[in-house]
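Chemist: Would you mind keeping the following structure in view while I ask a few things?
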Amino acid sequence: GMGRLDAQVMRHMGPSEFRVLTAVEMGMRNHHTVPVALIGSIARIRGSVARFLATLLRFKLVYHDNTKYDGYRLTWTGYDILALHALCKRKSVDRLGSKIGEGKESDVYEATRESDGARLAIKFHRLGKTSFKAVKAKRDYLDGRASAGNWLNMSRLAAKREWEFMCAVGRHVSAPEPIDHNRHAVVMTLVPGVPMYQIGHLEAADRVFRTCLEFARALASRGLVHCDLNEFNIIVDGDEATLIDFPQMVSIDHPNAADYYRRDVQGLLKFFRSKLRLDLDDADDDDVPYDDLHATLRHRPPEDRLDLDLKASGYDKSTGHALDRSLDNDDDDDSSAGGDSAPGDDEEDAATLADAAPPSPPGPPAD
């Protein structure tokens, strides 16, 4: 698994290996497969990069493709290692543990931070993970426009969006505390307990149900509908519940917001009734008439509305998220995300390339 791999790989990765890996990443912004000569010139390494590429290939951090010309692309593992390297350099995490969760489009690992012994979780977003796997390794990763680089970039945008969501909602619902993010990875506090879908019997079912309804209400009364508020995204510990996933929240002004909200509430009702055998009277079905929520919003000052807050940091109300924009017109601007955002990846790349670089790379000076 990744835990062992991580320790092994980091031992064999010197500054030059990281520079070459970063060069492959940067080259993928404009190339589906990055020609070896370009890797060498981006990395600014004198002489041949062949031996560094051989190391990266051995650990499956890059994929060698010589169908059209001699070139390389990042693999998911290579992208993971770049994100981990940045997070470790910032002392946000120090060690990766075992995998503790796997979604359709993400993998979650336990991690620790040495400075205070904190137990953390790292979520690696992997959009198109299933498409990646489905295609034969020797053939092109993906057909058509959805190139490997596009999936990596969309995963980076998904992580950035989740980071913004977590920073925004943490004051209003019980959620993991966001610690840091880089590329497609988000570091957060590790929430104790069990995913709700794994629970067959729950003493405090009634109290937990009320808390879950309150999640929906607290978000909606601040302008957001979760859209995926279900037993897979909630962790239960005794009578405490924590919301751990924010994949696709939309503004309450979205044309289908009312339907999404009802669907969330109906889904919770169904789970607690059928799986946890909670006796709920019918009144709970419209426990929160949706119109009331809109009424409460009218009296809220705009700065209390999370949907407006998030729109200011690249949150796209019309689709509910920014991932529909393809790689071509992505405005690669990580610096505009606001004060609580982690440093952008571009500064990170510049810093990596500046380690032992002859002339320093163009752009901001590395610290």
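Numbering follows the working numbering, in which position 220 of the sequence shown is assigned residue number 220; successive positions increment by one, without gaps.
Beta carbons are placed, not taken as given, at the ideal position from N, Cα and C, and that holds for glycine.
Just so it is clear, the structure is predicted and the values come from calculations on it, not from any experiment.
To the nearest angstrom, how far is the alpha carbon of S251 from that of L310?
Modeler: If I take the Cα positions, the gap works out to 9 Å.
Chemist: Buried or exposed: A54, going by 16 or more other Cβ atoms within 10 Å of its Cβ?
Modeler: Burial call: exposed.
Chemist: Take the Cβ of I48 as the centre, count every other Cβ of all protein chains shown within 10 Å, and call the residue buried at 16 or more, exposed below.
Modeler: The displayed chain sequence assigns Ser, not Ile, to residue 48. Result: exposed.
Chemist: Tell me, to the nearest whole angstrom, how far the beta carbon of F271 is from that of L280; I am working on the premise that it is less than 8 Å.
Modeler: Between L280 and F271 the Cβ distance is about 11 Å, and since that is not below 8 Å, they are no contact.
Chemist: Please report the straight-line C-alpha distance between E114 and A258, rounded to a whole angstrom.
Modeler: For E114 and A258, the distance between alpha carbons rounds to 45 Å.
Chemist: Confirm, please, whether the CB-CB distance from L224 to D307 is below 8 Å.
Modeler: Closer than 8 Å, so yes.
Chemist: Taking the straight line between their C-alpha atoms, what separation do you get for H299 and N256?
Modeler: Straight-line Cα distance between these residues: approximately 22 Å.
Chemist: Please list the segments of the beta strand (DSSP E) lying wholly inside the segment 195-272, counting only runs of 3 or more residues, in order along the chain.
Modeler: If we require 3 residues or more, the beta strand (DSSP E) runs fully inside the segment 195-272 come out as 234-237, 240-243.
Chemist: Judging by CA-CA distance, which residue of R171, D70, L297, E17 is the nearest neighbour of A220?
Modeler: The residue with the shortest Cα to Cα distance from A220 is L297.
Chemist: What residues are listed by DSSP as bridge partners for D107?
Modeler: In the DSSP output, where bridge partners are listed per residue, D107 has E102, F124.
Chemist: If you follow the beta strand (DSSP E) that T189 is part of, which residue opens it and which one closes it?
Modeler: It spans 185-189 - the beta strand (DSSP E) in which T189 sits, taken as one unbroken run.
Chemist: N150: buried (16+ other C-beta within 10 angstroms of its C-beta) or exposed?
Modeler: With 16 or more Cβ atoms within 10 Å of its Cβ, N150 is classed as buried.
Chemist: For the candidate residues L157, N230, H12, I81, whose alpha-carbon lies nearest to that of Y260?
Modeler: Per the Cα distances, N230.
Chemist: For the beta strand (DSSP E) containing V62, name the first residue and the last one.
Modeler: Note, V62: beta strand (DSSP E), 62-65.
Chemist: Do you know offhand how far V24's Cα is from F59's?
Modeler: Rounded to the nearest angstrom, the two C-alpha atoms are 15 Å apart.
Chemist: Determine whether the beta carbon atoms of G170 and E177 lie at a separation below 8 Å.
Modeler: Their beta carbons are under 8 Å apart, which means G170 touches E177 by this criterion.
Chemist: Report yes if the C-beta distance between A162 and F52 is below 8 Å; otherwise report no.
Modeler: It should be noted that the sequence gives Glu, not Ala, for residue 162. Contact flag unset, no.
Chemist: Am I right that I179 and S92 are in contact with their C-beta atoms under 8 Å? What's the rounded C-beta distance?
Modeler: At roughly 6 Å, the Cβ-Cβ gap stays under 8 Å, so I179 and S92 are in contact.
Chemist: Identify whether V135 lies in helix, strand or coil by the three-state DSSP scheme.
Modeler: Since pLDDT at V135 reaches only 42, below the 50 mark, its modelled position is unreliable, and the value read off the structure follows with that caveat. Three-state result, V135: coil.
Chemist: Does the distance between the C-beta of Q198 and the nearest non-hydrogen atom of the ligand PLP fall short of 7 Å?
Modeler: As for the ligand PLP, it is missing from this structure, which has no ligand bound.
Chemist: Just the Cα atoms here: how many angstroms apart are T22 and R210?
Modeler: If I take the Cα positions, the gap works out to 48 Å.
Chemist: Thinking G40 and V62 are a contact (beta carbons under 8 Å), I'd like their distance in whole angstroms, please.
Modeler: Incorrect: roughly 14 Å between the Cβ atoms, too far for contact.
Chemist: What is the DSSP secondary structure of P192, counted as helix, strand or coil?
Modeler: P192: coil per DSSP, three-state reduction.
Chemist: Identify which residue in V186, F232, Q8, H201 has its Cα closest to the Cα of E110.
Modeler: It is V186.
Chemist: Does the beta-carbon distance from D239 to V208 come in below 8 Å?
Modeler: The answer is yes: Cβ separation under 8 Å.
Chemist: Contact check, Y213 vs L268 under 8 Å by CB: the rounded distance?
Modeler: Note on identity: in this sequence residue 213 is Leu, with Tyr being the wrong assignment. Contact flag correct, Cβ pair sits at about 7 Å.
Chemist: For S16, I'd like the list of residues in its chain whose CB is within less than 7 Å of its CB, leaving aside the five on either flank, ordered along the chain.
Modeler: Only I45, F52 meet the Cβ criterion.
Chemist: Output yes or no for whether 8 Å exceeds the beta carbon distance between L278 and A205.
Modeler: Yes, the Cβ-Cβ distance between L278 and A205 is below 8 Å.
Chemist: Of the residues A158, H125, Q198, which one's Cα is nearest the Cα of D80?
Modeler: Here the closest residue by C-alpha is H125.
Chemist: Is it right to say T67 is buried, meaning 16 or more other beta carbons lie within 10 angstroms of its own, or is it exposed?
Modeler: Exposed, by the Cβ-count rule.
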